[in-house]
Amino acid sequence: MSEHIVSSYDEQLDLINSTLIKMGGLVESQLHNSLVALGDKDTAFAEEIIRNDNKIDALEKEIDALTYKVIAMRQPLANDLRTVLSALSIANDLERMGDHATNIAKRVANVKINMPDTPVSEIVNMGENVQSMIKNVLDAFVQKSDTLAINAWDLDGDIDELYLSIYRDLLKTMAEDPDTITGCSHLLSIAKNIERIGDYVQNIAEDIHFITTGEALERKSEKRIKWEKV
Amino acid sequence: MTDRIEQRINSLNKRLNSEKRFRIYCIGAMSFALAWVLILFLNIFSSGYSAFYRTVIQVNVPFVNLIEDISQFSEMSSEDINKLSMYSFSKKTIYGLFPDIEEKKDKKMLIRIFSIEFEQEIREFLKSNKSNINETETIYLTASDDVDQVNKGNYPRDLDEDKRRIKDIQLLFFDDLVDRGLVSYEFNLPFLMRGDSREPELAGVGGSIVGSLFTIMVVLILSFPIGIFAAIYLEEFAPRNRVTDFIEININNLAAVPSIVFGLLGLGIILNTFGLPRSTPLVGGIVLSLMTLPTIIIATRASLRAVPPSIREGALAVGATKMQAVMHHVVPVAMPGALTGTIIGLAQALGETAPLLLIGMVAFVVDVPQTPLDASASLPVQVYLWSESAERGYVEKTSATIMMLLGFLILMNLAAVLIRRKFETKW
Amino acid sequence: MKNIKIKADNLNVHYGDKQALFDVSMYMEEKQVTALIGPSGCGKSTFIRCLNRMNDVIDICKVQGKIEIDGNDIYAPSMQVEQLRERVGMVFQKPNPFPKTIFENVAYGPRIHGIAENKSDLEEIVVNSLKKAALFDEVKDRLNDAGTGLSGGQQQRLCIARAISVNPDIILMDEPCSALDPIATARIEELMGELKTEYTIIIVTHSMQQAARVSSRTGFFHLGKLVEVDKTETIFSNPSDQRTQDYITGRFG
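Chains as they are written, first to last, in this note's numbering: chain A, 127 to 356; chain B, 1066 to 1492; chain C, 37 to 289.
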């Protein structure tokens, strides 16, 4: 893609891109850290993660301001318009993802909760899958690659399957040992948060598809959560 | 650092100073030119203004001596009065100024103080006042041109008698009349009304004024329409090719041709081949039209070119034909410029002498012409004719004619400026 | 899709030896605004001037190909160019009212075409045209003042009224707002919205945003070729040709 005649326009767009990538990186590490805190039952680490959420919110505000500026100054058209509007949408998605990662850390920070180990490791495994989804979608964004975006989109199907099996296991554990109900409820919540993060990654993949092709992504997931099988 | 600033200030001062010097040179040049113009005008004015008044001598005319019953005059017609024999009566009236002189020689000198037409003047007075004439009337008779010049102080009185025209005894008579208070000045209306004459005191510029007027009229009628329409065609409608380029070059060259060449053309073709009457404003007008045409065409074309093409396009876009666009929109806008060019061309034609001399408008014409087909002179030609004469009386008349010519030219140029200012549209 | 009002087929235009338009074919819909965009010298002004044969005025201009309006070839020998211009009006980049009164400016066209039967007819036409051009209220008390004494925006609306006065079907506008300030421009754009219900409008513009605002179809010209023509939303959100995208995003001029 050639450069704009006005170079400061390109600089502004580059700044938006780099801020988004920075924000995505932060979200990725927040998720990673909250999974580590969950595995190690490290409440102190969890508190730190909660505090870091500010940074993600600050970056979202920065991206808002940058996009408003570009729209007012440059009246972008065609692919530039799609890029800028999608940047707003993606920043929003990333912020929500950050909130969900923080929610996980919030539950871990609560010392009184006793969570059983087996489900925890399954959840961490699911979380690591989502983490690699985030990485893939960020790569797709950096390379503006439709193919990578669609791959990342498809991965959410696996996440949904994992969530279903964790859900079943936790129900079984709770049925077998009522003492674990409190802990397992929190785990259910944590798993849900992780699953939601995966959905948001799908949104981001759809935005990337729109930026590159100009069309909305029409795709059906073959893997749906079959609630009746629970 | 301060060195550089000083340098810059110095160079600035140099520029300002050279600008001041330049301005001084320009003003100097302008003043020099204006000074010469002023000298020219003052020179002409000082020698010409005296032509507008003339010396008259008051005489008592006892008409009762001519016909005892003065009431008879009112019943007489002009022809009857013309038939009256008044020569000796007039002479006796003049002798009455100096009743004591006896010698015939002296009496002849006395008569010569007056204009040669003294009898005619008395007759004219009678004709115009025949219905209420008194027994004795006071008439102001025109003095001869020598006396006129003496009165105006232009005559060298101290020359030996045989070296001048006016004789000592005439001077005595004159001084005596002056002492008696009978010599006075009168506005010289006949100068403006009458034609040329052998007698300077009777010569008038009226004939040439009318001749010039007729000539200019002919020029206007011929050159204005032809020039304007030719320019419109050449500028708007003619195709741009070799032929039209050739025409344009020729028109530009014609404007620079010496005017005497047009005179030769007039002599050769208009007078000899076509056989039109010589010395007439008609022929003079035709010759001068040929001269003025290039000026008008060039000025009109320049005005047409100055009209912005956006006006043409606007008219065409609304569905006007080329002719409508040009005549309704372009020409009205170009008209002030075309008119200015025309008036300037006419002003030039007014002052042309050489071609008119060649076609014979140099004749000595006494009568004021009535139509453009009567022989006449024109103002500049009149200047030429009078400047060749010996009598002193013609000097002031020549300058006066130049003054009038200049006056007309200034008026015409002023008209050109005013017309342009009034009608110029701004867009 | 609305009816096709103007259709250009394989239009090739030469100025002497230099070719200005190469094989341009496009159609323009009735009672719609069609915008023509492109960098300087791309041929869009040449194209629009072919539609009312204003290029006939230029001697060295040669037009080959066909332009049909309502199915009639406008370059046919039987077509009277004055009648064509009665049906296809034009508004120019720099407002060019005649150096006459406001009334005369608008009355000239109807007068030379013999549209008005009598004086009151003519007055009615003038008043209606001025009203349609959204100028009447501002000038109704000074119809006998000079047209050149109006402001730039008013002069342009006067030129629009002049174009409308002969009751054309089509109005061509060659960068009508480029000499006007933003408020005058907005007024003219508003006027275009009203006029398009009655007239077919073709506008050449340098402003992408203006083309996006006022037109329903847009054609992009580049180096004498028609690169792309499509619905306006498509051109400005997702054009098919890379050259179009580069031009409208400011990646080349």
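C-beta atoms are modelled at their ideal positions from N, C-alpha and C, and glycine is treated no differently.
The alpha helix (DSSP H) runs lying completely inside the region 1386-1453 of chain B and spanning 4 residues or more are 1396-1415, 1419-1423 and 1444-1452, given in chain order. Contact between the region 148-164 of chain C and the region 185-194 of chain C is not established, with fewer than three Cβ pairs separated by less than 8 Å. Residue state for LEU179/C is assigned as coil, using DSSP reduced to three classes. Between the region 1134-1141 of chain B and the region 1157-1173 of chain B, the count of Cβ pairs shorter than 8 Å is below three; the stretches do not touch. Within the same chain, and ignoring the five residues on either side of GLN1214/B in sequence, the residues whose Cβ sits closer than 7 Å to its Cβ are TYR1220, ARG1457 and GLY1458.
Residue contact with chain B for ILE148/C: present (Cβ-Cβ distance below 8 Å to some residue of chain B). According to DSSP, residue pairing for VAL1126/B in a beta bridge involves GLU1202/B. Put simply, the region 304-319 of chain A touches the region 234-249 of chain A. At least three CB pairs are less than 8 Å apart.
Annotated three-state conformation of GLU1300/B is helix, per DSSP. Chain B has no Cβ within less than 8 Å of the Cβ of TYR51/C. Flagged as an interface residue toward chain C: TYR135/A, by a C-beta distance shorter than 8 Å. Only those residues of the region 96-119 of chain C whose C-beta falls short of 9 Å from the nearest C-beta of chain B are listed: VAL117, GLU118 and GLN119.
Short of 7 Å from the beta carbon of ALA1390/B, and not among the five residues preceding or following it, lie these beta carbons of its own chain, in chain order: ARG1377, ALA1380 and LEU1381.
Every alpha helix (DSSP H) of 4 residues or more that sits fully in the region 96-181 of chain C is shown, in chain order, as 117-123, 138-149, 155-168 and 172-175. In the DSSP assignment, THR70/C falls within the beta strand (DSSP E) that extends over 69-73. Between VAL1322/B and ILE1424/B, the CB-CB gap reaches or exceeds 8 Å. Around ILE175/A, the same chain offers GLN156, ASN159, SER160, ALA163, THR228 and ALA231 as residues with beta carbons nearer than 7 Å, after the five sequence neighbours per side are excluded. When C-alpha distances from ARG208/A are compared across LEU146/A, LYS181/A and GLU341/A, the shortest belongs to GLU341/A. Here VAL124/C is near LEU208/C, since their CB atoms are less than 8 Å apart.
In the structure shown, GLY1260/B adopts coil according to DSSP, grouped into three states. Excluding residues up to 5 positions away in sequence, ALA1419, PRO1420 and LEU1423 lie with their Cβ nearer than 7 Å to the Cβ of ILE1325/B in the same chain.
Proximity of the region 217-236 of chain C to the region 257-268 of chain C falls short of the contact definition, fewer than three beta-carbon pairs being nearer than 8 Å.
In chain order, ILE271, PHE272, SER273, ASN274, PRO275, THR280, GLN281, ILE284 and THR285 make up the part of chain C whose C-beta sits under 9 Å from the C-beta of ALA204/A. As DSSP reads the structure, ASP210/C sits in a beta bridge with VAL240/C. By the rule that beta-carbons nearer than 8 Å mark a contact, GLU122/C touches chain B. Contact with chain C is found for GLU129/A, since one of that chain's Cβ atoms lies less than 8 Å from the residue's Cβ. Selection ILE1198/B, SER1115/B, GLU1144/B and SER1111/B evaluated against GLU1133/B yields ILE1198/B as nearest (Cα-Cα).
When the five nearest sequence neighbours on each side are left out, the beta carbons in the same chain lying within less than 6 Å of the beta carbon of ILE105/C are those of ILE42, in order along the chain.
What MET90/C touches in chain B, judged by beta-carbon distance under 8 Å, is GLU1378, LEU1381 and ALA1382, going in chain order. Judged by DSSP secondary structure, LEU227/C falls within the alpha helix (DSSP H) whose first and last residues are 218-231.
Taking 8 Å as the cut-off, the beta carbon of MET149/A is found closer than this to the beta carbon of GLU186/A. From the listed residues PRO1304/B, SER1443/B, GLU1264/B and MET1400/B, the smallest Cα separation to ALA1455/B is found for GLU1264/B. Within chain C, no C-beta atom comes nearer than 8 Å to that of GLY324/A; the closest sits roughly 29 Å away. Residue burial is scored here from C-beta neighbours: PHE1302/B has fewer than 16 other C-beta atoms within 10 angstroms and is therefore classed as exposed. At a beta-carbon threshold of 7 Å, the residues of chain B lying near VAL93/C are LEU1381, ordered along the chain.
Boundaries of the beta strand (DSSP E) around ARG253/C: 253-258.
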